[in-house]
Amino acid sequence: MSKKPNNASPAGGSKKQRQQRIRELARQERERQERHDRRVRWAWQGGIGALILVIIAVVTIVIVTSLKPGVAAAGPKNMLSDGIVLTNSDNAIVPVKTDAMPEGGTPTPTDFSTFDDAVSVVVYLDYMCPICGQFEQANGEMLTQLVASGDIVLEMRPISFLDRMSQGTEYSTRSANAMAAVANYQPEAWLDANAAMFANQPAENTSGLTDDEIWSILQSAGVTDESVKKAIDDQTFAKWVGEVTQRAFDENVPYVTGDDAKPVSGTPTVIVDGQFFEGNIADSSALQAAIQQAAGGDKADSGANEGDSTDGDEAKSGDDKR
Numbered sequence: 003m004s005k006k007p008n009n010a011s012p013a014g015g016s017k018k019q020r021q022q023r024i025r026e027l028a029r030q031e032r033e034r035q036e037r038h039d040r041r042v043r044w045a046w047q048g049g050i051g052a053l054i055l056v057i058i059a060v061v062t063i064v065i066v067t068s069l070k071p072g073v074a075a076a077g078p079k080n081m082l083s084d085g086i087v088l089t090n091s092d093n094a095i096v097p098v099k100t101d102a103m104p105e106g107g108t109p110t111p112t113d114f115s116t117f118d119d120a121v122s123v124v125v126y127l128d129y130m131c132p133i134c135g136q137f138e139q140a141n142g143e144m145l146t147q148l149v150a151s152g153d154i155v156l157e158m159r160p161i162s163f164l165d166r167m168s169q170g171t172e173y174s175t176r177s178a179n180a181m182a183a184v185a186n187y188q189p190e191a192w193l194d195a196n197a198a199m200f201a202n203q204p205a206e207n208t209s210g211l212t213d214d215e216i217w218s219i220l221q222s223a224g225v226t227d228e229s230v231k232k233a234i235d236d237q238t239f240a241k242w243v244g245e246v247t248q249r250a251f252d253e254n255v256p257y258v259t260g261d262d263a264k265p266v267s268g269t270p271t272v273i274v275d276g277q278f279f280e281g282n283i284a285d286s287s288a289l290q291a292a293i294q295q296a297a298g299g300d301k302a303d304s305g306a307n308e309g310d311s312t313d314g315d316e317a318k319s320g321d322d323k324r
């Protein structure tokens, strides 16, 4: 039998060859790992870059959206001027019917020159405002009688600047929204509903009335249309109420011109025949005198003079400030 030569290489090659193979395998493994690491880095870098781009895009959209003027909310019917206008027909009080302000639209001030010789009276009010409650108690019945007789045309403008006084329930907005719904669905009941809301007025710094309580009060005043209830529940006109309030405090009152023109600064704000009423709002004779003077009567003969009721504690138009 022949024998293997003594100098034959062991299986797998010589020691040097085995070392070379090991070094080659190690090199290949390093290169593979390096390629893997590069792919991971590229993926991370690409992912972070994409995330940064997404963040930039989102921030840009937010900024552009915030700078873009908002689209004005649609308003209720019969309040195209931002208020409901009440006049007379055959010795009865009737609302002036108007279309609703469309979404993106602007209010149209009332043209009081179309109402013969009637004196215009415009009232800005907030249903949480205690001085507005005093105004209604002192003047509500008198104004109602003057509308019915055709002596005045009355425009009522509910706003909501006292939301901060209702412990977070936004009672001013909710109540004005409810009255906007009355104007939209059952405007002939508006004056009675307004009187009922003030007769049940909550105190400032309380949560105010609940939506169900508001609906119950409106029902007691003759509001029967269930669409009003739905609008209360859905807050249908709440955004519009907020925009009406903003316009009142940012823009000059549309019915006062010249040097006297200015925005509303509080409630109640009362305008008689284009002039801010500065008398005591809790004295009906003072307001009656201003109306009589605007109609061309003798103020001194009206039985009241604005100055007669003036004292340090009188409540004047616009006293409840923003």
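Numbers 3 to 324, taken from the numbering used here, label the letters of the sequence shown in order. Every residue, glycine too, gets a C-beta built ideally from N, C-alpha and C.
Distance, residue j Cα to residue i Cα
i    : j    : result
M81  : N93  : 22 Å
K231 : Q248 : 25 Å
R176 : D101 : 22 Å
Q22  : I57  : 52 Å
D315 : C131 : Confidence in D315 is poor, its pLDDT being 47 and thus under 50, which makes the residue's placement unreliable; the coordinate value appears in the next sentence. C-alpha separation (whole angstroms): 17 Å.
E105 : V246 : 13 Å
V225 : A195 : 7 Å
D275 : V155 : 10 Å
D235 : L220 : 14 Å
T112 : I54  : 53 Å
Y257 : I273 : 8 Å
D252 : R43  : 56 Å
L90  : M167 : In the sequence on display, residue 90 carries Asn and not Leu. The alpha-carbon atoms of N90 and M167 are separated by roughly 36 Å.
G210 : G77  : 24 Å
D300 : V149 : Confidence at D300 is low in this model, with a pLDDT of 47, below 50, so its placement is unreliable and no value can be given for it.
I216 : A180 : 8 Å
V72  : P160 : Strictly speaking, residue 72 in this sequence is Gly, with Val absent from that position. If I take the Cα positions, the gap works out to 22 Å.
P183 : N207 : Note that residue 183 is Ala in the sequence shown here, rather than Pro. Distance between the alpha carbons of A183 and N207: 25 Å.
G281 : Q237 : 35 Å
CB-CB length for residue i against residue j, believed under 8 Å
i    : j    : result
G107 : A140 : With 8 Å as the limit, G107 and A140 do not qualify as a contact, their Cβ atoms being about 36 Å apart.
S122 : Y187 : At roughly 26 Å, the Cβ-Cβ gap does not stay under 8 Å, so S122 and Y187 are not in contact.
T269 : L193 : Going by Cβ atoms, the distance from T269 to L193 rounds to 18 Å, so no, they are not a contact pair.
G135 : F200 : 5 Å
V243 : S162 : 5 Å
Y1   : T259 : Because residue 1 is not part of the residues shown, which for the chain are 3 to 324, the question remains open.
E157 : G85  : 4 Å
D128 : S174 : 5 Å
A223 : A191 : 6 Å
A297 : D153 : 7 Å
As assigned by DSSP and simplified to three states, the class of residue i
i    : result
E157 : strand
F200 : helix
S222 : helix
I216 : helix
Q277 : strand
S286 : helix
V266 : coil
V87  : strand
V255 : coil
V73  : coil
T112 : coil
T208 : coil
T100 : coil
Residue i, enclosing alpha helix (DSSP H) - first and last residue
i    : result
V230 : 228-236
L82  : Here L82 belongs to no alpha helix (DSSP H), and DSSP marks it neither H nor E.
E172 : Premise fails: E172 is in no alpha helix (DSSP H) and is neither H nor E.
A140 : 132-150
Nearest candidate by alpha-carbon position, reference residue i, set the options
i    : options                : result
S151 : N282, F163, L164, D118 : D118
T212 : G170, E190, Q188       : G170
Q295 : Q136, M181, A120       : A120
F278 : R20, E26, R37, V124    : V124
V103 : T116, I86, K79, F114   : At residue 103 the sequence reads Met, which differs from the Val that was named. Nearest of T116, I86, K79, F114 to M103, Cα basis: K79.
S218 : A198, E206, R25        : A198
Span of the beta strand (DSSP E), counted from its first residue to its last, around residue i
i    : result
L127 : 121-127
A94  : 94-97
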